[in-house]
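Last residue of the sequence shown? That's 440 in the numbering used here, and every number before it is there in order.
Taking it in order: structure first as structure tokens, then the write-up.
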Amino acid sequence: MVFLAYSVVYLGIGLMQEGSLANMNWKNYIWFAGNGVFLLLSYPLIFVFEKTFRFLSDATLFELSDTNQLLLRKLAEEAPGSFQHSLQVANLAEEAAREIGGNNLLARTGALYHDIGKTTDAEYFIENQTEGFSPHDQLDPLKSSEIIIDHVRKGVDLAKKFNLPTPIVDFIQTHHGTTVAYFFYKKYLDKDPKGTDMEKKFSYSGPKPFSKETAIVMMADAVEASSRSLANYSEENISELVERIVYIQEQDGQYSETPLTFRDISDIKNVFIKRLSNIYHARIAYPKRETARG
Numbered sequence: 147m148v149f150l151a152y153s154v155v156y157l158g159i160g161l162m163q164e165g166s167l168a169n170m171n172w173k174n175y176i177w178f179a180g181n182g183v184f185l186l187l188s189y190p191l192i193f194v195f196e197k198t199f200r201f202l203s204d205a206t207l208f209e210l211s212d213t214n215q216l217l218l219r220k221l222a223e224e225a226p227g228s229f230q231h232s233l234q235v236a237n238l239a240e241e242a243a244r245e246i247g248g249n250n251l252l253a254r255t256g257a258l259y260h261d262i263g264k265t266t267d268a269e270y271f272i273e274n275q276t277e278g279f280s281p282h283d284q285l286d287p288l289k290s291s292e293i294i295i296d297h298v299r300k301g302v303d304l305a306k307k308f309n310l311p312t313p314i315v316d317f318i319q320t321h322h323g324t325t326v327a328y329f330f331y332k333k334y335l336d337k338d339p340k341g342t343d344m345e346k347k348f349s350y351s352g353p354k355p356f357s358k359e360t361a362i363v364m365m366a367d368a369v370e371a372s373s374r375s376l377a378n379y380s381e382e383n384i385s386e387l388v389e390r391i392v393y394i395q396e397q398d399g400q401y402s403e404t405p406l407t408f409r410d411i412s413d414i415k416n417v418f419i420k421r422l423s424n425i426y427h428a429r430i431a432y433p434k435r436e437t438a439r440g
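Next up, the structure:
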């Protein structure tokens, strides 16, 4: 296409200047052809440099963020509720990253893939369940938490199977950090109030987010999931929800390994508050401290 474009433009200009084809310098077409060949060769070189220096180009991120990618289609078909959730998280994360000067395309792409582990046992995640039925009703809280927590490991395994780049795998590993699956931990404590020594068994193994983008996806994931339980999407309710979730994660030290500033966190929260009014999916109300159930 480049060679063709050069050729047509040069031919038009040449005819205007020389008046006939006979007087044109046809050797320039050799240079045009050479440029076309070099451009064709440069695209594969992008992937060589990415593998060598462990970075992701915008070209690769654009390609991965296409929802027609095989792995994203798998998520859409096998866990449609989780896919819709991931799209909403991606929208939140992209805008928040842009607001604080982060890599918004990386944040969006990482968010799209963060829950691919839910393609296995999709029915155990509330966004994929039919109203009035949950398989967790037949399980004890510890077993339920194990299934929920394991979607991170399964997501990492699936990402490696599909050869996703390491920076995208990082989003899968870190989007719950070392938080507690509090919904099920609380159910366990309701049955055994003395079982506080079991908290670690209800916790994700991490690691914690380590970049602005991975932290943003962690926030967006928890905020989007919990926001679906709101009965009234007033600005006051949304603001209270966002403030509470981010405060819990911050106090829990989940952002301690990131370069986020207080100003960044404030700006991110403001973005979430403005965007969440567009989310209308219904979710059950979680206990007060709950930030996300999966």
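Here a beta-carbon is modelled for each residue, glycine too, at the ideal position from N, C-alpha and C.
Query, Result
"Hey, how far is the Cα of L202 from the Cα of F317?", "14 angstroms"
"Might you give, ordered along the chain, the residues of its own chain that have their beta carbon closer than 6 angstroms to the beta carbon of H321, omitting 5 neighbours on each side?", "H260, V363, M364, D367"
"What residue range is occupied by the uninterrupted alpha helix (DSSP H) comprising Q215?", "Run containing Q215: none; DSSP gives neither H nor E here."
"Once you ignore the five residues that flank L218 on each side, which residues in its own chain have a CB closer than 7 angstroms to its CB?", "L258"
"When the Cα atoms are used, what is the spatial distance from A305 to K415?", "29 angstroms"
"Can you name the start and end residues of the alpha helix (DSSP H) that A253 belongs to?", "250-259"
"Whose CA, out of D286, I246, L310, lies closest to the CA of S412?", "I246"
"The alpha helix (DSSP H) that contains S385, what's its start and end?", "381-397"
"Distance, Cα to Cα, L310 vs N214?", "15 angstroms"
"If I follow the unbroken alpha helix (DSSP H) through M344, where does it start and stop?", "Counting along the chain, M344 falls outside any alpha helix (DSSP H), and DSSP gives it neither H nor E."
"Under a three-way DSSP split, which group does S402 fall into?", "coil"
"On the DSSP letters alone, give me the boundaries of the alpha helix (DSSP H) that F408 sits inside.", "408-421"
"Spatial neighbours of E269 within its chain, please: C-beta separation below 7 angstroms, excluding the five flanking residues on both sides.", "Q275, P281"
"Whether or not the stretch 391-405 and the stretch 222-232 are in contact is what I'm after, with contact meaning three or more pairs of Cβ atoms, one per stretch, closer than 8 angstroms; do they touch?", "no"
"Among R254, F271, I295, Y401, whose alpha-carbon lies nearest the alpha-carbon of Y350?", "I295"
"If you draw a straight line from the alpha carbon of Q400 to that of Q319, how long is it in whole angstroms?", "13 angstroms"
"Where I419 and Y379 are concerned, what is the direct C-alpha to C-alpha distance, given to the nearest angstrom?", "10 angstroms"
"Output the boundary residues of the alpha helix (DSSP H) element that contains I314.", "312-320"
"Less than 8 angstroms between the beta carbons of V235 and E370, yes or no?", "yes"
"Mapping DSSP to helix, strand and coil, what is S228?", "helix"
"Spatial neighbours of E240 within its chain, please: CB distance less than 8 angstroms, with the 5 preceding and 5 following residues excluded, ordered by chain position.", "N250, L251, A253, R254, A257"
"Give every residue of the same chain whose Cβ lies closer than 8 angstroms to the Cβ of V417, excluding the five residues on either side of it in the sequence, and list them in chain order.", "L238, E241, A242, E245"
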